[in-house]
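Engineer:
Residue numbers (mature numbering (1 follows the signal peptide of the UniProt record, and there is no 0)): -23 to -1, 1 to 266.
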């Protein structure tokens, strides 16, 4: 028996002991994740925009796509939401564009792995929606690779996922070709689904099949995940906190499926692109004084 086999056997024993311990108590845990999404800003802004202004806008955009989330979970349920924090002084200058981008931020997301149910509270341009869908099942492939994340031994798993990409940088593409050609290219990009590889690292020392965002279905909590342009990394775990939170199902808003909600977003996105072009590529301007 080689070293890797012995290690897997030992880890399996640890996971079995952990599973027994977790099953014997009504436990709850909290996992804190840092999420980062890469956005191509090379074509963003007007061609004549000063470099200083472009750098300020890029810094604001970067902060919009770097967030901290908290996953509160028990054996069957979880709620995943952005960590509340106070805005830093003098950093509210995103104008209408910042308000527009905040409409694309996902609200609290509830998963019930026993019922295979996903609910998401979502506000979009002043309208409240409740997205309701069956939990997406991932066809996870175990690789046998391991690595240490903090004090937890983690295993690697991969799966394929079909996504339709929303590229915020398309709002700011400078005019360099026929507007109608640019419009068709952007619409085609948004409509064409693409297949990406999801890479997850999970630990059987916390034997719940939960994870950040919509990800789940592994024999342990997912601590690290990468999918397309997004990476999510767990930075802190608290098991059985003294004060437990109530994991509440979202219930407010117009109930829609994810597919129906995406159609609403695409329609609004097309309207914003047209308004953006008619204003000469200015995110918040265009109205006369």
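Where is the CB? At the ideal position from N, CA and C, for every residue including glycine.
Using the three-state DSSP reduction, which class does residue 26 fall into: helix, strand or coil?
Structural biologist: By one-based count along the chain shown, residue 26 stands at place 49. In the structure shown, residue 26 sits in coil (DSSP, three-state: anything other than H, G, I, E or B).
Engineer: Kindly identify the DSSP beta-bridge partner or partners of residue 177.
Structural biologist: Taking the chain shown and counting its residues from 1, the one referred to as residue 177 is at position 200. Partner(s): 134, 202.
Engineer: Below 8 Å on the Cβ atoms is my guess for residue 55 versus residue 138; work out the distance and round it to an integer in Å.
Structural biologist: Walking along the chain shown from the start, residue 55 turns up at place 78. Walking along the chain shown from the start, residue 138 turns up at place 161. Contact annotation, residue 55 with residue 138: C-beta distance approximately 19 Å; criterion of less than 8 Å not satisfied.
Engineer: Measure from the alpha carbon of residue 221 to the alpha carbon of each residue in 51, 36, 38, 111, then state which is nearest.
Structural biologist: The residue given as residue 221 occupies position 244 in the chain shown. For the residues 51, 36, 38, 111, the minimum Cα distance to residue 221 belongs to 51.
Engineer: Any idea what DSSP makes of residue 247, helix, strand or coil?
Structural biologist: Within the chain shown, numbered from 1, the residue matching residue 247 stands at position 270. In the structure shown, residue 247 sits in a helix (DSSP, three-state: H, G or I).
Engineer: Cutting at 8 Å between CB atoms, please list the residues of its own chain near residue 135, excluding the five before and the five after it.
Structural biologist: As a first step, residue 135 must be located in the chain shown, where it is residue number 158. 117, 118, 120, 174, 175, 176, 177, listed in sequence order.
Engineer: Can you tell me the Cα-Cα spacing of residue 5 and residue 184, whole angstroms?
Structural biologist: Your numbering for residue 5 matches position 28 in the chain shown. Your numbering for residue 184 matches position 207 in the chain shown. Here the C-alpha atom of residue 5 lies approximately 12 Å from the C-alpha atom of residue 184.
Engineer: Check whether the Cβ atoms of residue 85 and residue 227 sit closer than 8 Å, and answer yes or no.
Structural biologist: On the chain shown, residue 85 is found 108 positions in, with the first residue counted as 1. On the chain shown, residue 227 is found 250 positions in, with the first residue counted as 1. It is a contact, given that the beta carbons lie within the stated cut-off.
Engineer: Considering only their Cβ atoms, is the gap separating residue 107 from residue 235 smaller than 8 Å?
Structural biologist: On the chain shown, residue 235 is found 258 positions in, with the first residue counted as 1. On the chain shown, residue 107 is found 130 positions in, with the first residue counted as 1. Against a cut-off of 8 Å, the Cβ pair of residue 107 and residue 235 comes out as no contact.
Engineer: Name the residue from 45, 53, 49 whose alpha carbon lies nearest to the alpha carbon of residue 61.
Structural biologist: Locating residue 61 in the chain shown gives position 84, counting from the first residue. Checked all of 45, 53, 49; the closest Cα to residue 61 is 45.
Engineer: How far does the beta strand (DSSP E) with residue 219 in it extend, from its first residue to its last?
Structural biologist: Along the chain shown, read from residue 1 onward, the residue named residue 219 stands at position 242. Looking at the DSSP string, residue 219 is not in any beta strand (DSSP E), and its letter there is neither H nor E.
Engineer: Of all the CB atoms in chain C, is at least one closer than 8 Å to the CB of residue 212?
Structural biologist: The chain inventory of the structure shown lacks chain C, comprising one protein chain alone.
Engineer: Taking all protein chains shown into account, decide if residue 217 is buried (16 or more other Cβ within 10 angstroms of its Cβ) or exposed.
Structural biologist: The residue you call residue 217 lines up with position 240 of the chain shown. It is exposed - the Cβ of residue 217 has fewer than 16 other Cβ atoms within 10 Å.
Engineer: Just the C-alpha distance for residue 269 and residue 202, rounded to the nearest angstrom, thanks.
Structural biologist: The question about residue 269 has no answer here: the residues shown for the chain are numbered -23 through 266.
Engineer: Between the alpha carbons of residue 94 and residue 250, how many angstroms are there, rounded?
Structural biologist: Taking the first residue of the chain shown as position 1, residue 94 is located at position 117. Taking the first residue of the chain shown as position 1, residue 250 is located at position 273. Approximately 34 Å between the Cα atoms of the pair.
Engineer: Compute the Euclidean distance between the alpha carbons of residue 43 and residue 12, then round it to the nearest angstrom.
Structural biologist: Within the chain shown, the letter at position 66 stands for residue 43. Within the chain shown, the letter at position 35 stands for residue 12. The straight-line gap from Cα to Cα measures roughly 6 Å.
Engineer: When we look at the beta-carbon of residue 103 and count the other beta-carbons within 10 Å, is it buried (16 or more) or exposed?
Structural biologist: Indexing the chain shown from 1 puts residue 103 at position 126. Result: exposed.
Engineer: Cβ of residue 14 within 8 Å of Cβ of residue 207?
Structural biologist: Sequence index remark: in the chain shown, residue 14 carries index 37 (1-based). Sequence index remark: in the chain shown, residue 207 carries index 230 (1-based). Their beta carbons are under 8 Å apart, which means residue 14 touches residue 207 by this criterion.
Engineer: With DSSP collapsed to three states, give me the class of residue 52.
Structural biologist: Position 75 of the chain shown holds residue 52. Here residue 52 sits in coil by DSSP.
Engineer: Within 10 angstroms of its Cβ, does residue 148 collect 16 or more other Cβ (buried), or is it exposed?
Structural biologist: Residue numbering aside, residue 148 sits at position 171 when the chain shown is read from its first letter. In this prediction, residue 148 scores a pLDDT of 45, lower than 50, which makes its location untrustworthy; the coordinate-derived value is nonetheless stated afterwards. Buried is the call here.
Engineer: List the endpoints of the continuous beta strand (DSSP E) containing residue 98.
Structural biologist: Walking along the chain shown from the start, residue 98 turns up at place 121. 94 to 101 is the extent of the beta strand (DSSP E) around residue 98.
Engineer: Just the C-alpha distance for residue 66 and residue 37, rounded to the nearest angstrom, thanks.
Structural biologist: As a position in the chain shown, residue 66 is number 89, starting the count at 1. As a position in the chain shown, residue 37 is number 60, starting the count at 1. With a pLDDT of only 49 at residue 66, under the threshold of 50, the placement of this residue in the model should not be trusted, and no figure is reported.
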